[in-house]
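Peer 1: Sequence positions in the sequence shown follow the numbering used here and run -15 to 272.
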Amino acid sequence: MSFPTPLYFALFISTLLALIGPWIHRYAATLFSTIVLGLAYYMGHINLLGVLALIVIGSFHFVYFNFDAPKFIRVVLGLLITIGTFAFFQHKMPGFHNWRMIEGLRLSSDSIPLTMYLNLDKSLSALLLLLALAQSQVYSLKNWGKSFFPGLAFGIIASLVLLPIALLTHYVQIDFKVPTFWIVWVLNNLLLVCIAEEVFFRGFVQTELTKAFSFKGSSIIALIVSALFFGAGYHQGGPVFMILSTIAGLVYGAAYMKTRRLETSIIAHFVLNAIHFFTFSYPALTPQ
-15 MSFPTPLYFA LFISTLLALI GPWIHRYAAT LFSTIVLGLA YYMGHINLLG VLALIVIGSF
45 HFVYFNFDAP KFIRVVLGLL ITIGTFAFFQ HKMPGFHNWR MIEGLRLSSD SIPLTMYLNL
105 DKSLSALLLL LALAQSQVYS LKNWGKSFFP GLAFGIIASL VLLPIALLTH YVQIDFKVPT
165 FWIVWVLNNL LLVCIAEEVF FRGFVQTELT KAFSFKGSSI IALIVSALFF GAGYHQGGPV
225 FMILSTIAGL VYGAAYMKTR RLETSIIAHF VLNAIHFFTF SYPALTPQ
């Protein structure tokens, strides 16, 4: 693939830097997210409704994480954050016109066409949540090093469990490949898909459910609920993909629960996605 203009390249790189920004410096995330908003607004990929939606969800974060509100208010705010962020992830919020980076590309003759977007709604809403979580999560580039091998191990476990199921159900078949746009896919998937999804489903949903439940085994319930929610987010992929995604969510959640580091679940998530991309039908086999 190629970037239509230098502005699109700048938008892509700025979005990547914004998502990795909290691990560099809080101000780095603020700087690059401002650049992203400016570029996206100028290029017509976000309008005032989109900006307003981000301000509203950001205000919910601010109150939820900075004020000791009564329990009922916190529950309502938590639900609003969950529903609102899920709506961003499902591209249901108005004001966003995501750039279609790749459209209808078949990576092999028997795979369904791949369409890939630069999802600004998902990325920016996740970034706001990522910054809000900074009060309870410690972001450091060193954490990536500490999390690499545990994340790799959980990613391999997820692959060993899920990919045989995908093969047996004829969802994918073995298909080794290195597409010409692989670097763009890697950056987009790691930073704009894996970080965004793990911040929301593990960093917020699983964590807050664990805190909310006070009985023995509450962390397991939180893990299962967040995994089911994660799977539901992929309903458009059909029942098989929803089941596979739910199982994957259990592994990512276990990685997070075991190490208490978001980076571990992010790496595990990316390892499975990368193995799928490079060695199996992607996104999936064409239904017979």
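Beta carbons are placed, not taken as given, at the ideal position from N, Cα and C, and that holds for glycine.
For SER(-14), count neighbouring Cβ atoms within 10 angstroms of its own Cβ and tell me buried if that reaches 16, exposed if not.
Peer 2: When all chains shown are included, SER(-14) counts as exposed.
Peer 1: Nearest-angstrom Cα distance between HIS81 and PHE160?
Peer 2: Cα to Cα, HIS81 sits roughly 33 Å from PHE160.
Peer 1: For LEU246, which residues of its own chain have a beta-carbon under 7 Å away from its beta-carbon, when the five flanking residues on both sides are left out?
Peer 2: So the qualifying residues of the chain are GLN121, GLU182, VAL183, ARG186, GLY187 and TYR240.
Peer 1: Out of curiosity, what's the CA-to-CA distance linking PRO(-10) and ILE(-3)?
Peer 2: So the two alpha carbons sit approximately 11 Å from each other.
Peer 1: Could you give the DSSP three-state label for ARG186: helix, strand or coil?
Peer 2: ARG186: helix per DSSP, three-state reduction.
Peer 1: Can you tell me whether HIS275 is buried or exposed, with buried defined as 16 or more other CB within 10 angstroms of its CB?
Peer 2: The displayed coordinates of the chain run from -15 to 272. Any statement about residue 275 would go beyond what the structure contains.
Peer 1: Which of the three DSSP states is assigned to GLY88 in this structure?
Peer 2: Three-state result, GLY88: strand.
Peer 1: Per DSSP, TYR101 is paired with what?
Peer 2: ARG84, per the DSSP bridge assignment.
Peer 1: What residue does the alpha helix (DSSP H) around THR194 start on, and which one ends it?
Peer 2: 191 to 196 is the extent of the alpha helix (DSSP H) around THR194.
Peer 1: Helix, strand or coil for PHE254, going by three-state DSSP, please let me know.
Peer 2: Reduced to three states, the DSSP call for PHE254 is helix.
Peer 1: What would DSSP say about PHE(-7), mapped onto helix, strand or coil?
Peer 2: Here PHE(-7) sits in helix by DSSP.
Peer 1: Given this structure, state the Cα-to-Cα distance separating ALA137 from ASN127, to the nearest angstrom.
Peer 2: Straight-line Cα distance between these residues: approximately 16 Å.
Peer 1: Is LEU0 closer than 8 Å to LEU175 when the C-beta atoms are compared?
Peer 2: In contact: LEU175 and LEU0 (Cβ atoms closer than 8 Å).
Peer 1: Can you look up ILE30 in the DSSP assignment and give me helix, strand or coil?
Peer 2: Three-state result, ILE30: strand.
Peer 1: Just the C-alpha distance for PHE264 and LEU228, rounded to the nearest angstrom, thanks.
Peer 2: Whole-angstrom Cα-Cα distance: 15 Å.
Peer 1: Could you say which of HIS154, PRO163 and ILE4 lies nearest to ALA258 if we only look at CA atoms?
Peer 2: Ranking HIS154, PRO163 and ILE4 by Cα distance to ALA258 puts PRO163 first.
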